[in-house]
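Reviewing the structure listed below.
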Amino acid sequence: MTVGKAHFVISNTDVSKCPNTPLPEYAFIGRSNVGKSSLINYICNQKNLAKTSSRPGKTQLINHFLIDDKWHLVDLPGYGYARVSKSKKKVFQKFITQYFEKRKQLITAFVLIDIRHEPQAIDLAFMRWLGEHYIPFALVFTKSDKMKPSQIQKKVDAYTAQMLETDWEALPPVFATSSTSKMGGEELLNYIHTLNQEANQKR
Ligand code: GTP
Ligand code: MG
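For the sequence shown, the numbering used here gives the first residue as 11, with consecutive numbering after it.
Right, dumping it as structure tokens:
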């Protein structure tokens, strides 16, 4: 699948004000600066659809994008970045939590992880929390262009091995991507396409 039309719909801090449609929805979440907004731009083939920055803490709202009039992509603020003030962090945490708890249209969360890093407690805890709330998720490694191609699969395997050792009996779907070198986007979109078809059959 490729994306034809993609446009910004609305920004919110309140999940109850998010678009009131039954369209299937997918949210990108992860640490600040991991590349959530860049990945949205890459898979939608647009430079400035979602706002990106080299400074962490750029995305501060729940941002809905309508794709091909059929589904929503959601860009969220990052979690766990120290340079955002404590009070702001709390506010982010509250509306992100409410988004995941309340948003019925959410089909799957894509949890983004910088492929260069060892598993971080905050990401593992967030995935545990999703599991406890029965929220399906997939794992998306970002910035794969920063690794030698021969190291990418090894890094992914090491990460998922740790997940299996600690919290999980089975692994979620896993994608290795790079917005810079345009890698992995097609696989991600094909996965979303499959989930959209399943969601539409259920409706
Ligand atoms: P917040 O909105 O602050 O939570 O960050 P974010 O997760 O949306 O990250 P964003 O897309 O703004 O990207 C952060 C920085 O990482 C920017 O400087 C991007 O250019 C860079 N970046 C994003 N994706 C990639 C990638 O695939 N490869 C490389 N090398 N850099 C990337
Ligand atoms: Mg962002």
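Note that the Cβ used here is the ideal one computed from N, Cα and C, for glycine as well. Note that this is a predicted model, so its numbers are computed, not measured.
Residue i, DSSP secondary structure in three states
| i | result |
| --- | --- |
| residue 77 | strand |
| residue 111 | helix |
| residue 166 | helix |
| residue 190 | coil |
| residue 203 | helix |
| residue 83 | strand |
| residue 13 | coil |
Extent of the continuous alpha helix (DSSP H) to which residue i belongs
| i | result |
| --- | --- |
| residue 141 | 131-142 |
| residue 21 | Premise fails: residue 21 lies in the beta strand (DSSP E), 16-22, not in any alpha helix (DSSP H). |
| residue 35 | Residue 35 -> not in any alpha helix (DSSP H); beta strand (DSSP E) instead, spanning 35-40. |
| residue 149 | That residue, residue 149, is in no alpha helix (DSSP H); its beta strand (DSSP E) goes 147-152. |
| residue 156 | Residue 156 -> no alpha helix (DSSP H), and no H or E assigned at all. |
| residue 46 | 46-54 |
Residue i CB to nearest heavy atom of the ligand GTP below 7 angstroms
| i | result |
| --- | --- |
| residue 155 | yes |
| residue 64 | yes |
| residue 44 | yes |
| residue 69 | yes |
| residue 170 | no |
| residue 21 | no |
| residue 40 | yes |
| residue 88 | yes |
| residue 188 | yes |
| residue 118 | no |
| residue 12 | no |
| residue 107 | no |
| residue 176 | no |
Span of the beta strand (DSSP E), counted from its first residue to its last, around residue i
| i | result |
| --- | --- |
| residue 118 | 116-124 |
Cβ-heavy atom distance, residue i to the ligand MG, below 7 angstroms
| i | result |
| --- | --- |
| residue 85 | yes |
| residue 47 | yes |
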